[in-house]
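As given, the protein sequences belong to chains A and B, one line each in that order. Here the numbering used here runs 76 ahead of the position in the first sequence, where the first position is 1. Here the numbering used here runs 76 ahead of the position in the second sequence, where the first position is 1. Ideal Cβ placement from N, Cα and C applies to all residues, glycine included. One structure is given below, encoded as structure tokens.
There are 2 protein chains.
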Amino acid sequence: MSDVQADNITMSGGGLYSLATIGAKHVIDYTLPRVIDALDAVRSSSAAAGPSAYWNFSDMGCADGGTSLDLWRKVAAHIRAQSTADIQIVYADQARNDFNALVQILHGLTDFDTYLNEIDDLRILQSGASFYTSVLPADSLHLGFSATAMHWLSAKPCNISDHVHMVGASGAELEEFSKQAQQDWATILLHRARELKTGGKLVFANFCRDEQGHYLGATDGMNMFDTFNSIWQRFVDDGVITSEEYSSMTLPQYYNTVEEFASPFENQNSEVAKAGLRLDSIETHSVRCPFAEDFEKHGDAKKFARDYIPTIRTWNESIFHAGLSAKRDAQERREIIENYYATYQNMVEENPTGHAMDYVHAYMTIGKA
Amino acid sequence: MSDVQADNITMSGGGLYSLATIGAKHVIDYTLPRVIDALDAVRSSSAAAGPSAYWNFSDMGCADGGTSLDLWRKVAAHIRAQSTADIQIVYADQARNDFNALVQILHGLTDFDTYLNEIDDLRILQSGASFYTSVLPADSLHLGFSATAMHWLSAKPCNISDHVHMVGASGAELEEFSKQAQQDWATILLHRARELKTGGKLVFANFCRDEQGHYLGATDGMNMFDTFNSIWQRFVDDGVITSEEYSSMTLPQYYNTVEEFASPFENQNSEVAKAGLRLDSIETHSVRCPFAEDFEKHGDAKKFARDYIPTIRTWNESIFHAGLSAKRDAQERREIIENYYATYQNMVEENPTGHAMDYVHAYMTIGKA
Chain A
77 MSDVQADNIT MSGGGLYSLA TIGAKHVIDY TLPRVIDALD AVRSSSAAAG
127 PSAYWNFSDM GCADGGTSLD LWRKVAAHIR AQSTADIQIV YADQARNDFN
177 ALVQILHGLT DFDTYLNEID DLRILQSGAS FYTSVLPADS LHLGFSATAM
227 HWLSAKPCNI SDHVHMVGAS GAELEEFSKQ AQQDWATILL HRARELKTGG
277 KLVFANFCRD EQGHYLGATD GMNMFDTFNS IWQRFVDDGV ITSEEYSSMT
327 LPQYYNTVEE FASPFENQNS EVAKAGLRLD SIETHSVRCP FAEDFEKHGD
377 AKKFARDYIP TIRTWNESIF HAGLSAKRDA QERREIIENY YATYQNMVEE
427 NPTGHAMDYV HAYMTIGKA
Chain B
77 MSDVQADNIT MSGGGLYSLA TIGAKHVIDY TLPRVIDALD AVRSSSAAAG
127 PSAYWNFSDM GCADGGTSLD LWRKVAAHIR AQSTADIQIV YADQARNDFN
177 ALVQILHGLT DFDTYLNEID DLRILQSGAS FYTSVLPADS LHLGFSATAM
227 HWLSAKPCNI SDHVHMVGAS GAELEEFSKQ AQQDWATILL HRARELKTGG
277 KLVFANFCRD EQGHYLGATD GMNMFDTFNS IWQRFVDDGV ITSEEYSSMT
327 LPQYYNTVEE FASPFENQNS EVAKAGLRLD SIETHSVRCP FAEDFEKHGD
377 AKKFARDYIP TIRTWNESIF HAGLSAKRDA QERREIIENY YATYQNMVEE
427 NPTGHAMDYV HAYMTIGKA
């Protein structure tokens, strides 16, 4: 694939992703009852519980695996309380992910509290396959999970001329993004339909634009993406970056609405419906920005700014960095990026009110009939 | 486990292992007819070809995966020519392995020529589980492969007082190593017996002491391990390292004889035999040191020395480094190690004749009845 995802985007490595993204962990913790319900449904399906001798689960877009440790600990314990069959959990992310951090976290070689040795007959595997391809063999998966990952498009359809993100796009550019997102969502689902067993389930927590028009970092306070954009705009005005560079700094993301997520399931003749997938349920829910929440308690604007910026850097730094011209040397690019986040941090420190990266997700369960 | 393997030993990362160990690739290439025969036997076994919908293979102790690319390319093509079922290959190595290099090599993000996109419906996974534990769920594996890996013991039973390797040990120390090796070989086999399907096969190429008493680096010329030892002995004499450090520099390896490899299969009441494993065939074979072979052609001692030392460093540097006292600072330890390999390189350059790391392996096929 013409793969922006595989080529340019990397989450922070070395376990930093999980350390800086406690909010992403809260999102995953919120999925627990949904995942347990889905598991119980899989267990009661004779088709899914059929010929396979072991339970097979996947965690797609897992990054360093730290944010979902508690979820899998509880899922594995839930299964083990009722079944002696082996359990296999496959952690998947794109091939440029930091797999050394992932494996070391899972195998207890770091300070993260792994569950690997708490459950008998549990095997952990990793895959460097993106969720835009098949991760597992056909008819092998009981339950596939993914949180805060599928908003990354398989490719950037175009640059956005007057913003850094599709939430600020309009007209033909927004159309291009919508079309790409629609195709990508179908691609993701069709690969999952192939690898799922009949009676198997998918549980996804995906970024969305909710019924009130809220989305990541844009709930009741300021709009985080407008802040991203305004600083880069100022950098153009001040001659720090060129307008071409500004334009390249388009995040290859899309936040679907509930309707957009549901769309492929509604037409019985769609490829997704024909592949046997059904949307069991979908709801939207916001998880508060943990740093803004902390700030309400401690009131220290300097500390808030210092805590808040790294959580943003983990996921957008590599994109902004890649937007800078290759004609600049590495040192110069590094300085512009540092300048960018320092500007942002000062802005938060001087006027903290309204800054927050609340997580707005659509939580859904999908079954294979 | 009290795990020397997991704690101290690492092969060179970043793809360097495969670049520096072309000889290990020759060993793997030599296994091809044996692997194809084993596969054909698995395919003709109705038990192994039974309920599973896909082929499941493992490559244990894979390091960066570069040396076995051609083997798996041919195996996958062989299967695909006769079966449309999905193929899953699980690459396993200890949790401190360089999985980033492994995944990037397999997914075609390096200069290595991967086979991933040549074969339809092929899935590649990785595991950070050592072969001293279960890598895969019970009854899930069709064919397990391992080359040049199982000589690493699960733990160092004792230091060897007058040598760096068990090939130079004697008396009670040799006894300790033999006992450890016997236990470890049984442990490896019992974990494989659990994960293999009935009718499944294992193909291993393991370092050995052959019928002529030959072993790695000790065939017709000098004895490589005696050279390792003599330089460290000289470093003790010259006050560069202490005698405690010399003693700690004991490689946690064991090279079994054919009789030792065959032993667990011969007693029908052994755990291994009771688990259903049978030794189908075993043969020893030497693969010439590619650098010594090249030297015969080019005759340039300086080039030979420069090519030869890195292949040794890939596998023993981390052990020797760990033998140095933690009281020395990192810089000092680094200098001693550099001095060691420089001394070795000078020795080869000045008198190249007889230096060679020929690979002496026992090649075996094991079946699960």
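Item, Value
"Beta-carbon separation (whole angstroms), L353 of chain B vs A269 of chain B, contact threshold 8 angstroms", "5 angstroms"
"Members of the region 199-210 of chain A that neighbour chain B once the beta carbon cut-off is set at 8 angstroms", "R199, I200, L201, Q202, S203, G204, A205, S210"
"Secondary structure of T333 of chain B, DSSP reduced to three states", "strand"
"Check whether I442 of chain A and L355 of chain A have beta carbons under 7 angstroms apart", "yes"
"N176 of chain A at chain B interface by Cβ criterion, 7 angstroms", "yes"
"Burial state of R310 of chain A, where buried means 16 or more other Cβ atoms lie within 10 Å", "exposed"
"Inter-residue Cα distance where the pair is L147 of chain B and F301 of chain A", "49 angstroms"
"Whole-Å CB distance - V211 of chain A paired with A168 of chain A, under 8 angstroms assumed", "5 angstroms"
"From A:G375, A:F304, A:T360, residue whose alpha carbon lies closest to that of T419 of chain A", "A:F304"
"Meets three-Cβ-pair contact criterion under 8 angstroms: the region 196-211 of chain A and the region 165-179 of chain A", "yes"
"Chain A contact for L185 of chain B (CB, 7 angstroms cutoff)", "yes"
"Exposed unless 16 or more other CB atoms sit within 10 angstroms - verdict on K255 of chain B", "exposed"
"Interface flag, H431 of chain B vs chain A, CB-CB below 7 angstroms", "no"
"Neighbour list for V179 of chain B in chain A, Cβ cutoff strictly below 7 angstroms", "A171, F175, G204"
"Which listed residue (B:E335, B:P366, B:K379) has its alpha carbon closest to that of I358 of chain B", "B:E335"
"Simplified DSSP state of E359 of chain A, which is helix, strand or coil", "strand"
"Contacts that A182 of chain A makes with chain B (C-beta to C-beta distance below 9 angstroms)", "Looking at the sequence itself, residue 182 of chain A is Leu, so the reference to Ala does not match. What L182 of chain A touches in chain B: A171, G204."
"Min CB distance Y130 of chain B to chain A below 7 angstroms", "yes"
"Residue-level contact to chain B via CB, A398 of chain A, 7 angstroms cutoff", "no"
"Residue closest to C138 of chain B, alpha-carbon to alpha-carbon, out of B:T97, B:D286, B:G315, B:A225", "B:A225"
"Proximal residues of chain A, C-beta to C-beta of L212 of chain B below 7 angstroms", "R199"
"H431 of chain B Cβ short of 6 angstroms to the ligand SAH heavy atom set", "Among the ligands in the structure shown, none appear at all, so the ligand SAH cannot be discussed."
"D162 of chain A: contacting residues in chain B (beta-carbon distance under 7 angstroms)", "P213, A214"
"Interface residues of chain B facing V166 of chain A [CB-CB closer than 8 angstroms]", "L201"
"Straight-line gap, M242 of chain A to H397 of chain A (C-alpha atoms, nearest Å)", "19 angstroms"
"Check whether G297 of chain B and G430 of chain B have beta carbons under 7 angstroms apart", "yes"
"Nearest-angstrom Cα separation, counted from F380 of chain A out to F367 of chain A", "6 angstroms"
"Opposing strand residues paired with E367 of chain A [DSSP bridges]", "Glu is not the amino acid found at residue 367 of chain A; the sequence shown has Phe there. In the DSSP output, where bridge partners are listed per residue, F367 of chain A has none listed."
"Distance, S319 of chain B Cα to S237 of chain B Cα", "9 angstroms"
"Per DSSP, the bridge partner or partners of N235 of chain A", "Per DSSP, none; premise fails for N235 of chain A."
"Cβ shell of P386 of chain A (< 6 angstroms), same chain only, five flanking positions each side left out", "A96"
"Outcome for G315 of chain B when other beta-carbon atoms lying within 10 angstroms are tallied against a minimum of 16", "exposed"
"Option nearest P340 of chain B by Cα separation, candidates B:Y330, B:E271, B:A351", "B:A351"
"Nearest candidate by alpha-carbon position, reference T263 of chain A, set A:V348, A:H374, A:S394", "A:V348"
"D260 of chain A classed as buried or exposed, judged by whether at least 16 other C-beta atoms fall within 10 angstroms", "buried"
"Distance between D113 of chain B and D434 of chain A (C-alpha atoms, nearest Å)", "58 angstroms"
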